[in-house]
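The block underneath contains the structure these notes are about, expressed in structure tokens.
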Amino acid sequence: MTAVRGVGQFYPVGSPLHELDPRAKVVATALLVVGLFFVDSAAGFAVAGTAAALLVAVSRVPLRVFLGLLRPVAFIVALTFFFQVFFLREGPTLFRWGFVEVHEGGLEMGLLLSARLLILVTTAGLLTATTAPVALADGIEDLLSPLKRLRFPAHEVAMMMTIALRFIPTLGEEAQKISRAQAARGADFTSGGLLARARALVPILVPLTIGAFRRADELAEAMESRGYRGGQGRVRYRELRFRTRDALALVLTVLVVLAAVLL
Amino acid sequence: MADPASISCEHLTYSYPGAAPALSGITLEVRAGEYVGVVGPNGGGKSTLVRLLNGLLVADSGHVRVAGFDPAAEPFEVRRRAGVLFQNPDNGLVAPFVEDDVAFGLENLGVERVEMRERVREAIRSVGLTGYERREPHTLSGGEKQRVALAGLLAVGPEILLLDEPTAMLDPAGRGEVLGRVRELRGSRTVLHVTHHLEELFDADRVLVLNGGRLVAAAAPEALFSDADLLRENRLVLPTVPRLASDLGLPFCRTPEELAAAVERRSRDNSGVEAR
């Protein structure tokens, strides 16, 4: 059976990025993502883009993994670029043909917004590709743990993440099986307009949802029978260690973000 | 104090909301170290019994003791002593990697981290999956997944194993793998094994038959599987070899080799009679 790999899955190759503490990686990703929204110059995007490209190279995760991540957003990037280029009429006119006009401001904004989206997705992909799901969930639980005092269910959120990551491939396989079964009975998912295709997905989504609820029931039973009772008295199998290199990585991230924002 | 590895039920009754009783007046006892099979048609109450023994369901009436504890009142005490292996391992594995999943029960018990690593390593070794620590569950075969689930139970070190049709969703090779591991545990654990495959219980100490929520028989496998009426009434189908032996009027045979020996013995006896 073909293994279904979900978008943004862990890619276990040894690299300096893989070795970093997940908490450092989550915070660094958050800094980069938030920082990107404050970058508004070509030089800033060049810095952010170069940093992202360097991180991709250091991660030793094959480029095709990132290209796979970018494929689903390619349409959004293209649409954003199209609207900015053809509808933003700021600055000198670069090109005119009938009512179609391309202005310098529009082209610049189109390029910058597209770059922002591409860097965003690559950065998020770097986090999930270099961090084991359990470590990611543990890291997020630790980062959210101060909120436990405000009764925020940090452990439960982390457990939900772990389970979601565990079941992405399983549900993906199930969706494949159901669609093949429906196709064998004459369902057509490839022809017709957008609405017709969306409607054709209903026979997949209904059994998939019912199946997911059944799985959830059985999983809850299995977890309970294995002594699960929330985070109370629990000791995690993996120990997270924040080392000097993690602190250095964070400092480096802050410097890159500052440079990109200020340039 | 009851034996730490025993199970006892007295007049156990349970009904799912708005339904007829799934179990009625069940009284049974499983002694420490016994291997007891549970068979019966679908809806007979087998899985309900397992859930009541593990505190996943609470009985309407009657008494249950598992390892000396009442599962309804002290479910966590019971669960650290009695592990359940469910039918579908796909829905029981929690973590995205084998070793993290095997550690899940120990994490819940709050076992110290160094000891946890040792117990996880040993449990994975005991089910023959060393080298699979970083594998993702969806890349494993059904038999391997069920062995991961079994390792997760063994890591906790329960005295009692409750097996709820653990081979129902496996291919013959996967069944063999899981049953092989379970067989190795015989004697060191008390085992209650629910199944539809009677051949899995040929070596059991006793077999219980549940039908319509009632315990209709409890006997040694040879006696029970030789009772054609009982098998028919409870929709139990013998595998080919013992069925053939029964049809030929031979004593209970587990394997083709036993059947061949029985046939040979009979023909020898018959030729001896004719010679005389």
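Heads up: the protein sequence lines correspond to chains A and B, in order.
The working numbering numbers the first residue of the first sequence as 1 and each following residue consecutively.
The working numbering numbers the first residue of the second sequence as 264 and each following residue consecutively.
Don't be surprised by glycine CBs; every beta carbon is placed ideally from N, CA and C.
Short CB-CB distance (under 8 Å) between G6 (chain A) and chain B: Low confidence applies to G6 (chain A): its pLDDT is 46, below 50, so where it sits in the model is not reliable, and the reading given next is rough at best. Output row for G6 (chain A): interface = no.
Could you tell me whether any Cβ in chain A is nearer than 8 Å to the Cβ of P359 (chain B)? yes
Is T430 (chain B) helix, strand or coil when you go by DSSP? coil
Using the C-alpha atoms, what's the distance from T190 (chain A) back to E496 (chain B)? 52 Å
What separation, rounded to the nearest whole angstrom, lies between the Cα atoms of S179 (chain A) and G35 (chain A)? 41 Å
Starting from H456 (chain B), trace the alpha helix (DSSP H) in both directions and tell me its first and last residue. It is not in any alpha helix (DSSP H) - H456 (chain B) instead sits in the beta strand (DSSP E) that spans 453-457.
CB-CB length for V85 (chain A) against G110 (chain A), believed under 8 Å: 4 Å
Helix, strand or coil, according to DSSP, for L425 (chain B) in the structure here? strand
Inter-stretch contact (C-beta, 8 Å, three-pair minimum) for the segment 272-282 of chain B and the segment 313-322 of chain B: When C-beta atoms of the segment 272-282 of chain B are compared with those of the segment 313-322 of chain B, three or more pairs fall below 8 Å, so the two segments count as touching.
Supposed contact pair G91 (chain A) and L263 (chain A) - C-beta distance, whole angstroms, cut 8 Å: So it is not a contact: roughly 20 Å between Cβ atoms.
Would you tell me roughly how many angstroms separate the C-alpha atoms of L174 (chain A) and L286 (chain B), rounded to the nearest one? Sequence inspection shows Glu at residue 174 (chain A); the Leu mentioned does not correspond to that position. Those two C-alpha atoms are separated by around 34 Å.
Neighbourhood of A115 (chain A) by C-beta distance below 7 Å, restricted to the same chain and skipping five residues each side: F45, G49
Within 10 angstroms of its Cβ, does M159 (chain A) collect 16 or more other Cβ (buried), or is it exposed? buried
How is N371 (chain B) classed by DSSP in three states: helix, strand or coil? helix
Any contact of the segment 266-273 of chain B with the segment 413-428 of chain B, i.e. 3+ C-beta pairs under 8 Å? yes
Taking the alpha-carbon positions, what's the F37 (chain A) to L67 (chain A) distance? Their backbone Cα atoms lie some 22 Å apart in a straight line.
Cβ contact (3+ pairs, closer than 8 Å) linking the segment 347-356 of chain B and the segment 290-307 of chain B: no
Any C-beta of chain B sitting closer than 8 Å to the C-beta of R151 (chain A)? no
Please confirm whether P334 (chain B) and G318 (chain B) have their CB atoms less than 8 Å apart. yes
So, is G307 (chain B) buried or exposed, given that buried needs 16 or more other C-beta atoms within 10 angstroms? Under this definition G307 (chain B) is a buried residue.
K148 (chain A) classed as buried or exposed, judged by whether at least 16 other C-beta atoms fall within 10 angstroms: Label assigned to K148 (chain A): exposed.
Note down the Cα distance separating V329 (chain B) from V445 (chain B), rounded to an integer number of angstroms. 20 Å
Identify every residue that forms a DSSP beta bridge with R477 (chain B). Note: R477 (chain B) sits in a beta bridge opposite B:N474.
Rounded separation between F339 (chain B) and A431 (chain B) - CA only: Per the coordinates, the alpha-carbon of F339 (chain B) lies some 27 Å from the alpha-carbon of A431 (chain B).
Members of the segment 394-409 of chain B near chain A, C-beta cut-off 8 Å: R397, E399, P400, H401, T402
Indicate whether G391 (chain B) and A436 (chain B) have their beta-carbon atoms separated by less than 8 Å. No, the pair does not count as a contact, with Cβ atoms beyond the cut-off.
Can the beta-carbon of V361 (chain B) be found less than 8 Å from the beta-carbon of R398 (chain B)? yes
Along chain B, in chain order, which residues have C-beta atoms closer than 7 Å to that of R180 (chain A)? Within chain B, no residue comes near R180 (chain A); the closest Cβ sits about 17 Å away, beyond 7 Å.
Nearest CA to the CA of G475 (chain B): which residue from B:I289, B:V441, B:S271, B:C272? B:I289
Chain-ordered neighbours of N354 (chain B) on chain A, where CB pairs are closer than 7 Å: R215, E218, L219, A222
Excluding the 5 residues flanking V47 (chain A) on each side, which residues of the same chain have their C-beta closer than 7 Å to its C-beta? V256, A259, A260, L263
Cross-chain neighbours of E173 (chain A) in chain B, by beta carbon under 8 Å: H401
Could you give the DSSP three-state label for V4 (chain A): helix, strand or coil? Annotation note: pLDDT 42 at V4 (chain A) (below 50); position unreliable, no value reported.
Within the continuous beta strand (DSSP E) that includes F95 (chain A), where are the two ends? 93-97
If you measure beta-carbon to beta-carbon, which residues of the segment 361-380 of chain B are closer than 8 Å to chain A? Cβ contacts with chain A: E362, D363, A366, F367, G368, L369, E370, N371, L372, G373, V374, E375, R376, M379, R380.
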